[in-house]
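Worksheet for the structure shown next.
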Amino acid sequence: MQKKVNWKDPKWKTGMRISLDYKNMMADSIGKGYGITLNELEKMAAKAKRADKALKKDWRERRVGFFDLPYQGENVSNIKSFANKVKTDCEAFVVLGIGGSALGPIALQTALNPPHYNLLTKKERNGCPRLFVADNIDPAGFEGILRVVDPEKTMFNVISKSGGTAETMSQFIIVRDMLKKRLGKNYKDHMVATTDPEKGILRKIATDEGLETFPIPANVGGRFSVFSSVGLLPAAVVGIDIEELLAGAAYMNELCMTGDLFQNPAYLNATLQFLADKKGKPMSVMMPYADSLKDIADWYRQLWAESLGKKVSLDGKIVHTGPTPIKALGATDQHSQLQLYIEGPFDKVVTLIGVKDFGAEAKIPKAYKEIGELGYLGGHTLKELIQAEMLASEMALTHNHRMNCTITLPEVNAFTVGQLLQMMMIQTAFAGGLYNIDPFDQPGVEHGKQYAYGMMGRKGFEGKKKEVDEYIKKAGSLKGYAV
Ligand code: PA5
Numbered sequence: 219m220q221k222k223v224n225w226k227d228p229k230w231k232t233g234m235r236i237s238l239d240y241k242n243m244m245a246d247s248i249g250k251g252y253g254i255t256l257n258e259l260e261k262m263a264a265k266a267k268r269a270d271k272a273l274k275k276d277w278r279e280r281r282v283g284f285f286d287l288p289y290q291g292e293n294v295s296n297i298k299s300f301a302n303k304v305k306t307d308c309e310a311f312v313v314l315g316i317g318g319s320a321l322g323p324i325a326l327q328t329a330l331n332p333p334h335y336n337l338l339t340k341k342e343r344n345g346c347p348r349l350f351v352a353d354n355i356d357p358a359g360f361e362g363i364l365r366v367v368d369p370e371k372t373m374f375n376v377i378s379k380s381g382g383t384a385e386t387m388s389q390f391i392i393v394r395d396m397l398k399k400r401l402g403k404n405y406k407d408h409m410v411a412t413t414d415p416e417k418g419i420l421r422k423i424a425t426d427e428g429l430e431t432f433p434i435p436a437n438v439g440g441r442f443s444v445f446s447s448v449g450l451l452p453a454a455v456v457g458i459d460i461e462e463l464l465a466g467a468a469y470m471n472e473l474c475m476t477g478d479l480f481q482n483p484a485y486l487n488a489t490l491q492f493l494a495d496k497k498g499k500p501m502s503v504m505m506p507y508a509d510s511l512k513d514i515a516d517w518y519r520q521l522w523a524e525s526l527g528k529k530v531s532l533d534g535k536i537v538h539t540g541p542t543p544i545k546a547l548g549a550t551d552q553h554s555q556l557q558l559y560i561e562g563p564f565d566k567v568v569t570l571i572g573v574k575d576f577g578a579e580a581k582i583p584k585a586y587k588e589i590g591e592l593g594y595l596g597g598h599t600l601k602e603l604i605q606a607e608m609l610a611s612e613m614a615l616t617h618n619h620r621m622n623c624t625i626t627l628p629e630v631n632a633f634t635v636g637q638l639l640q641m642m643m644i645q646t647a648f649a650g651g652l653y654n655i656d657p658f659d660q661p662g663v664e665h666g667k668q669y670a671y672g673m674m675g676r677k678g679f680e681g682k683k684k685e686v687d688e689y690i691k692k693a694g695s696l697k698g699y700a701v
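Here my numbering runs 218 ahead of the position in the sequence shown, where the first position is 1.
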């Protein structure tokens, strides 16, 4: 479980500041013609100023709400008291959600609770329930979760901002039916809904049926919602210090208040990534060297992709823009992906994420002294090995003229994770300004959803069903292209 820390102590806070080292993005380090020049970066100042102004305006005028999430005092108290009740009553907490309504809770759990958390005893879990996140509709996967939890000792948290997502609402209907059959009208004591404060069918159902609810502010979209009730409720239930998490996010807000590109870590990283893309590197790899951070790379992949991958610019032009985020894990993916990153096409920028203090060392005992290939390992630690390998990857990338940068966390705790996630959200929102697109919508995903509605017989989508039938007919006439 997490160490007790004092995030109110300014000295501790400064010591826990995360850092961005971008020297290997620059031509000075990786070579002329490969990296970004200082001049190119400086030339971005005017564009960055415009993006900063627009983003701050959206924040001031409450179109963009994620900046405010670190300061939601009352909601935090409500979440904590509900979480305490769940801890007393339940053995398991099951999130029903997808996309932004699932990736945040998963990222926080992996980062801030011990590995194999669900396999620990209740005592080892500090009395907290097991956590399951049903983020897909694979019938075998979903039934697999229901098989391992006892509904009478489980709280199901349905999370949907829109309240109408087919995947999540199907799961909700299945669980509600199962609970009603088992528990009669007490089913509602085992369900909690996280959704828009006013809009959407889930809000209406929750009100009509008397379910406990938690709000997702109207101006906070799914992939920017990790610090709303979406991420905070599951996190509080599994014993994560949500106040420390929000303090980390608030600290990053402070660090990113400046419009000066060179002082603002989120703006600077967005600009470097943007320039890398414009210089023919549209693949953006995030590669943490810590198991605990691997689901943050997954969360970030959605944030970066769904926010920046757009067809139409803010001034109505067809742009088909957006970098492709790729997640990797060090040292594991050194034996899978790194060869491509080092010697393949010059189309990638790699963000390494390192941790100074893992809270563990894992000493390698002295053994096989006489065998040259093994003897050198004895007396070292796995911590030394993973840190050496990370530096070795950085050097190999740099030597081969590959753009890379490093984010370092002094340790993985709620305060540093709060900073990292908030930095990534500010970076993404700001990058939207640089790309001149709306980072907060997802029209392409909506397009796909409409065909699914048509096929499943939803009223109002008959036209889409017709398109599907025509597509299937045409596909039938093209049978020759399948083996
Ligand atoms: O970022 C987004 O807006 C999406 O990924 C949503 O989170 C996802 O589609 C789920 O939507 P909802 O929370 O409305 O069920």
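Yeah, the Cβ is synthetic: ideal placement off N, Cα and C, and Gly gets one too.
From the DSSP output, in three-state form, read off I458 for me. coil
Would you mind reading off the limits of the alpha helix (DSSP H) that contains H617? L600 to H617
Three-state secondary structure (DSSP) at K261? coil
In terms of residues, what are the limits of the alpha helix (DSSP H) holding H334? From DSSP, H334 is part of no alpha helix (DSSP H); its letter is neither H nor E.
Using three-state DSSP, classify K379 as helix, strand or coil. coil
Do R441 and the ligand PA5 come close, with the Cβ less than 7 Å from some heavy atom? yes
Got a sec? Which residues, its chain only, sit under 8 Å from G498 by beta carbon, not counting five neighbours each side? F564 and D565
Let me make sure I understand the geometry here. Which of L532, G457, C623 and Y586 has the alpha-carbon closest to that of I571? C623
Can you find the residues in the same chain that come closer than 6 Å, C-beta to C-beta, to V438, ignoring five residues on each side of it along the sequence? G283, F284 and S446
At a cut of 8 Å, does the segment 531-544 reach the segment 584-599 through at least three beta carbon pairs? no
Would you identify the three-state DSSP class for T634, choosing helix, strand or coil? helix
For Y518 and D395, I'd like the C-alpha separation in whole angstroms. 34 Å
Go ahead and pull the three-state DSSP assignment for M505. strand
Segments assigned alpha helix (DSSP H), at least 4 residues, entirely inside the segment 636-693: 661-673
Starting from V393, trace the alpha helix (DSSP H) in both directions and tell me its first and last residue. A384 to L401
Contiguous alpha helix (DSSP H) assignments of at least 4 residues, all confined to the segment 415-503: 419-427, 447-455, 460-473 and 483-496
Can you list the beta strand (DSSP E) stretches of 3 or more residues lying completely in the segment 338-363, in chain order? 348-352
Range covered by the beta strand (DSSP E) that runs through Y410: For the record, residue 410 in the displayed sequence is Val; it is not Tyr. M409 to T413 is the span of the beta strand (DSSP E), which, as asked, contains V410.
Over the uninterrupted beta strand (DSSP E) stretch that includes L570, give me the two end residues. K566 to D575
Is the beta carbon of A411 closer than 8 Å to that of V376? yes
At the level of alpha carbons, what is the spacing between Q220 and E370? Residue placement at Q220 is poorly supported in this model, since its pLDDT is 48, which falls under 50; the coordinates are not used for a value here.
May I ask you to report which of helix, strand or coil DSSP gives M219? Reliability of the predicted coordinates at M219 is poor, the pLDDT of 45 falling under 50, and the value obtained from them is presented with this limitation in mind. The answer is coil: DSSP assigns M219 none of H, G, I, E or B.
Where P628 sits in the DSSP three-state scheme: strand
For T255, name the three-state secondary structure that DSSP assigns. coil
Between the segment 334-341 and the segment 466-476, are three or more C-beta pairs nearer than 8 Å? no
If you run the structure through DSSP and keep just helix, strand and coil, what is M243? helix
Taking just the CA atoms, how far does A670 sit from L256? 48 Å
For E629, which residues from the same chain have a beta carbon less than 8 Å from its beta carbon, with the 5 sequence-adjacent residues on both sides left out? M234, V573, K574, D575, F576 and G577
8 Å Cβ cutoff met for I391 and D414: no
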